[in-house]
Amino acid sequence: MGLPKKGNSGNSTDRYSIATLGSHSALQILHGAKQEGFHTIAICEKGREKPYRLFRVADEIITIQSFSELPKIAGELNKRNAILIPHGTYTGVMTQEQIEKLNVPYFGNRKILRWEYDRTMQRDWLKKAGLRLPKIFRKPEEIDRPAIIKFYGAHGGKGFFLAKTASEFREKMKGKEGKPYIIQEYIVGAPIYAHYFHSPLNNEVEIMSFDKRYESNVDSIGRIAAKDQLDMGLNTSYNITGNVPLAIRESLLPEVIEMGEAVVKASKTLEKHGMIGPFSLETIITPELKFYVFEISARIVAGTNFFISASPYADLRYGENMSTGRRIAREIKNAIETGRLNTVLR
Ligand code: AMP
187 MGLPKKGNSG NSTDRYSIAT LGSHSALQIL HGAKQEGFHT IAICEKGREK
237 PYRLFRVADE IITIQSFSEL PKIAGELNKR NAILIPHGTY TGVMTQEQIE
287 KLNVPYFGNR KILRWEYDRT MQRDWLKKAG LRLPKIFRKP EEIDRPAIIK
337 FYGAHGGKGF FLAKTASEFR EKMKGKEGKP YIIQEYIVGA PIYAHYFHSP
387 LNNEVEIMSF DKRYESNVDS IGRIAAKDQL DMGLNTSYNI TGNVPLAIRE
437 SLLPEVIEMG EAVVKASKTL EKHGMIGPFS LETIITPELK FYVFEISARI
487 VAGTNFFISA SPYADLRYGE NMSTGRRIAR EIKNAIETGR LNTVLR
């Protein structure tokens with residue numbers, strides 16, 4: 187697959203387009219790309235174009251019936267010298283094979299995404315990085331404490347449930363048989379999501395921002411008295427509805443930075459070129475201030491959406507409105523200007 191062709195104009199970005207699927211963190215990605223001077227393309231499912239028009243982030247909208255048809259418009263994208271920016275929707279609508287075969291230049295390392303999708307591989311990666319992880323129960327009979335049951339893929343916590351025993355597991359699993367899942371120890375503490383950016387151009391792991399999630403119904407269940415919760419027979423669910431910004435206790439920052447660096451170092455042993463660009467560690471911090479990492483996202487996460495006008499950390503580092511979306515575009519721009527585009531498009 188060829189790299190986008192270079193233009194002859196004075197501006198390094200104006201002959202390239204930045205394209206992404208209209209969903210997840212596309213507003214931020216396209217807005218950031220425009221800030222850096224790129225032509226922007228929102229690829230939308232029919233009927234879902236409105237936000238991209240309303241917020242003026244897309245110079246162009248390409249409508250398809252379903253995101254899974256993305257490979258069909260590869261030619262159109264290549265005609266526009268487009269670079270695709272992956273986000274959480276890609277892994278939801280395309281298989282790893284389709285992502286790897288897609289004949290369009292793509293920001294980041296497309297091979298690393300399979301280490302995110304498969305929860306067992308994800309765990310191997312995090313273990314290699316030396317991080318503290320919740321215990322895994324290999325079969326339901328091993329459950330001896332509160333556990334959370336998770337399905338594969340990025341579905342925003344949909345369908346996850348809690349179980350304390352094997353019989354409770356079997357009861358709640360009814361209707362979900364056949365779906366790949368893992369059973370993980372449930373850690374009680376404060377969930378904090380750390381957003382990083384690894385630049386292969388300057389070989390640095392940056393902290394972009396932090397968030398916590400707003401999940402239904404777990405984040406609203408406390409509005410109902412415990413007795414009513416029991417009377418209503420409520421089950422906790424973790425379906426994500428939004429993200430809340432956070433500044434982390436400053437004394438925890440050194441460990442957060444080291445965790446990010448360890449993840450990048452480990453990624454290079456898993457796939458040639460390793461982790462490129464944004465990624466996120468999903469952690470729970472216990473009352474003893476121990477970090478448990480329960481998941482990694484190997485691409486931009488929607489928790490960065492709040493920070494279009496920069497987070498305190500991006501502000502410290504850049505002194506300008508540097509969202510993660512804009513940071514991606516800046517990396518591509520830096521790569522174009524230094525003749526190293528192939529270092530960031532794998
Ligand atoms: P995930 O899809 O892995 O991000 O999980 C969805 C939500 O489930 C998280 O945002 C947390 O609220 C919760 N969660 C996941 N794993 C754990 C765990 N091991 N202990 C406690 N809460 C968890």
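Under my numbering, think of the first position of the sequence shown as 187, with each following residue one higher.
C-beta atoms are modelled at their ideal positions from N, C-alpha and C, and glycine is treated no differently.
Spatial distance of residue i from residue j (CA atoms)
i: methionine 445; j: alanine 380; result: 10 Å
i: serine 395; j: lysine 321; result: 27 Å
i: leucine 175; j: lysine 220; result: Lying before the first or after the last residue shown, residue 175 is absent from the chain, which here runs from 187 to 532.
i: lysine 265; j: lysine 360; result: 49 Å
i: alanine 340; j: serine 203; result: Low confidence applies to alanine 340: its pLDDT is 48, below 50, so where it sits in the model is not reliable, and the reading given next is rough at best. Using only the alpha carbons, I get a separation of about 27 Å.
i: arginine 399; j: threonine 427; result: 8 Å
i: asparagine 507; j: proline 431; result: 16 Å
i: lysine 344; j: threonine 524; result: 43 Å
i: lysine 358; j: arginine 242; result: 44 Å
i: arginine 309; j: tyrosine 478; result: 12 Å
i: glycine 188; j: methionine 461; result: Residue confidence for glycine 188 is low, a pLDDT of 49 falling below 50, so the modelled location carries little weight; the figure read from the coordinates is stated next. Using only the alpha carbons, I get a separation of about 21 Å.
i: lysine 287; j: glutamine 415; result: 48 Å
i: asparagine 388; j: isoleucine 434; result: 25 Å
i: phenylalanine 492; j: asparagine 429; result: 7 Å
i: threonine 472; j: isoleucine 373; result: 8 Å
i: phenylalanine 323; j: phenylalanine 346; result: 15 Å
i: alanine 212; j: leucine 475; result: 34 Å
i: tyrosine 292; j: histidine 273; result: 11 Å
i: leucine 456; j: aspartate 417; result: 49 Å
i: glycine 193; j: glycine 463; result: Residue confidence for glycine 193 is low, a pLDDT of 48 falling below 50, so the modelled location carries little weight; the figure read from the coordinates is stated next. Looking at the two C-alpha atoms, the distance is approximately 24 Å.
i: alanine 515; j: arginine 318; result: 33 Å
i: histidine 459; j: lysine 451; result: 10 Å
i: isoleucine 494; j: alanine 488; result: 12 Å
i: leucine 312; j: serine 453; result: 9 Å
i: proline 498; j: threonine 422; result: 33 Å
i: leucine 256; j: glutamate 283; result: 13 Å
Cβ distance (whole Å) where residue i is taken to contact residue j below 8 Å
i: alanine 412; j: tryptophan 301; result: Between tryptophan 301 and alanine 412 the Cβ distance is about 40 Å, and since that is not below 8 Å, they are no contact.
i: arginine 532; j: asparagine 295; result: 4 Å
i: isoleucine 227; j: aspartate 245; result: 7 Å
i: glutamate 371; j: phenylalanine 383; result: Not a contact, Cβ separation roughly 30 Å.
i: leucine 348; j: isoleucine 334; result: 6 Å
i: isoleucine 329; j: alanine 352; result: 6 Å
i: glutamine 251; j: threonine 490; result: Contact flag wrong, Cβ pair sits at about 29 Å.
i: proline 377; j: isoleucine 229; result: Contact doesn't hold; Cβ gap of about 32 Å is too wide.
i: glycine 218; j: arginine 409; result: Not a contact, Cβ separation roughly 36 Å.
i: tyrosine 238; j: isoleucine 247; result: 6 Å
i: leucine 207; j: tyrosine 276; result: 7 Å
i: asparagine 425; j: serine 402; result: 5 Å
i: phenylalanine 465; j: valine 442; result: Rounded, the Cβ-Cβ distance is 13 Å, inconsistent with contact.
i: glutamate 468; j: glutamate 481; result: 4 Å
Residue i: CB within 7 Å of a non-hydrogen atom of the ligand AMP
i: glutamate 302; result: no
i: isoleucine 482; result: no
i: phenylalanine 465; result: no
i: valine 442; result: no
i: arginine 399; result: yes
i: isoleucine 334; result: yes
i: glutamate 328; result: no
i: glutamate 474; result: no
i: glutamine 370; result: yes
i: proline 366; result: no
i: isoleucine 373; result: yes
i: isoleucine 470; result: yes
i: proline 377; result: yes
i: tyrosine 238; result: no
i: tyrosine 499; result: no
i: tyrosine 338; result: no
i: phenylalanine 347; result: no
Residue i beta carbon near the ligand MG (any heavy atom closer than 7 Å)
i: valine 430; result: Absence of the ligand MG is noted for the structure shown, with the ligand AMP being the only ligands found.
> Going along the chain, which unbroken runs of the alpha helix (DSSP H) with 4 or more residues stay wholly within the segment 282–306?
Replying inline: 282–287, 299–303
> Whole alpha helix (DSSP H) runs in the segment 400–483 with 4 or more residues, listed along the chain?
Replying inline: 412–417, 439–456
> Which whole runs of the alpha helix (DSSP H) in the segment 329–391 are 4 residues long or more, in chain order?
Replying inline: 352–359
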